[in-house]
Amino acid sequence: MRETMGLADRANADIAEKAPWALAKQEGKQDEVQAVCSLGINLFRQLVIFLKPVLPNLAADAEKFLNVEPLTWEDHKTLLANHQLNPFSALMTRIDPLKVEAMAAASKEDLTATDTTASSAPAGNGELAKDPLSAEIDFDAFAAVDLRVALILKAEHVEGADKLLRLTLDIGDEQRNVFSGIKSAYPNPSELEGRLTMMIANLKPRKMRFGISEGMVMAAGPGGEEIYLLSPDSGAKPGQRIK
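Structure (structure tokens):
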């Protein structure tokens, strides 16, 4: 690529030195103008042949302008002569250095704004300061989680477990067995029976020491005795999707 671009620079310098645009203004120079332009077209064609393997789309546009069949490596041995070209349209846009500098400056401003936003995260004693937000997820990842209203039919201690309660949940057309680490917050589990809660219904069943847990109920709080089982408003029914 470096060698090809070097050839392009030499071709450009050669045409610039001959200045056909200036010759065209002089009387009796039409043949010379024709010769210089023909040379320029053939130099351009050679460069397109060299660049085609790495810039196929650009080469295809150039072939349309040159009014030729798809170029191959063998074509570098021949020249165009007595050939009709198609109307020219720009194949590439020249990069303006000032625009590049402006884009770089804008990028730096964006980075500064990001740093400022990050530094302005909650710094007090609120819950966000204690437990910062997790990384963002896209909507598809969120939509994959199936949240349902569940009725707690039965809640009981699990023999040999210090933190777990066994919950039997009704989610409309079926029952689920779920182990939840909320024992410290609810020492009298029977009080939960008949209560509506929210659960992740499509969580892959997990085999535990005490049995298989078929989902997860949702709760807030840091843990221990400070766990608060989430409940929907009255009127919600077991099995309804939470949106």
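Whatever position you read off the sequence shown (first residue = 1), add 1 for my numbering.
Note that beta-carbon positions come from the ideal geometry of N, C-alpha and C, so glycine has one too.
Neighbourhood of residue i by C-beta, 7 Å cutoff - its chain only, sequence neighbours within 5 removed
i: Met169; result: The sequence given here has Thr at residue 169, not Met. For Thr169, where only same-chain residues beyond five positions count, the Cβ hits under 7 Å are Leu154, Lys155, Gln176 and Asn178.
i: Leu44; result: Ala12
i: Gly225; result: Ser185
i: Tyr217; result: Note that residue 217 is Met in the sequence shown here, rather than Tyr. Same-chain partners within the cutoff: Val179, Met200, Ile201 and Leu204.
i: Ala25; result: Val34
For residue i, the first and last residue of its enclosing alpha helix (DSSP H)
i: Glu75; result: Looking at the DSSP string, Glu75 is not in any alpha helix (DSSP H), and its letter there is neither H nor E.
i: Ser39; result: Gln31 to Leu52
i: Leu67; result: Pro57 to Leu67
Delimiting residues of the beta strand (DSSP E) encompassing residue i
i: Gly240; result: Unbroken run through Gly240: none, as it is neither H nor E.
i: Leu166; result: Leu166 to Asp171
i: Ser232; result: First-last for Ser232: undefined, no H or E at that position.
Distance between beta carbons of residue j and residue i, contact taken as under 8 Å
i: Pro239; j: Asp171; result: 5 Å
i: Met200; j: Ala151; result: 5 Å
i: Pro233; j: Leu197; result: 6 Å
i: Ser181; j: Leu165; result: 7 Å
i: Asn58; j: Leu86; result: With 8 Å as the limit, Asn58 and Leu86 do not qualify as a contact, their Cβ atoms being about 20 Å apart.
i: Glu64; j: Leu72; result: 6 Å
i: Ile183; j: Ala220; result: 6 Å
Three-way DSSP call (helix, strand, coil) for residue i in this model
i: Thr5; result: helix
i: His226; result: Correcting the residue type first, residue 226 is Glu in the shown sequence and not His. Coil at Glu226, not helix or strand.
i: Glu128; result: helix
i: Lys155; result: strand
i: Phe180; result: strand
i: Met104; result: helix
i: Leu99; result: helix
i: Leu24; result: helix
i: Ile138; result: coil
i: Lys205; result: coil
i: Arg196; result: coil
i: Ser191; result: helix
Interface flag, residue i vs chain C, CB-CB below 8 Å
i: Ile153; result: The displayed structure is made up of one protein chain only, and chain C is not part of it.
Cβ neighbours of residue i in the same chain (closer than 6 Å, five flanking residues each side left out)
i: Val37; result: Lys19 and Pro21
i: Lys244; result: none
Sequence-distant residues of its chain with Cβ nearer than 8 Å to residue i (five each side left out)
i: Ile42; result: Leu67, Leu81 and Leu86
i: Gly222; result: Ala186, Ile228 and Tyr229
i: Ala23; result: none
i: Met93; result: Leu59
Quiz item: Any chance the segment 75-92 sits against the segment 50-64, with 3 or more Cβ pairs inside 8 Å?
Solution: yes
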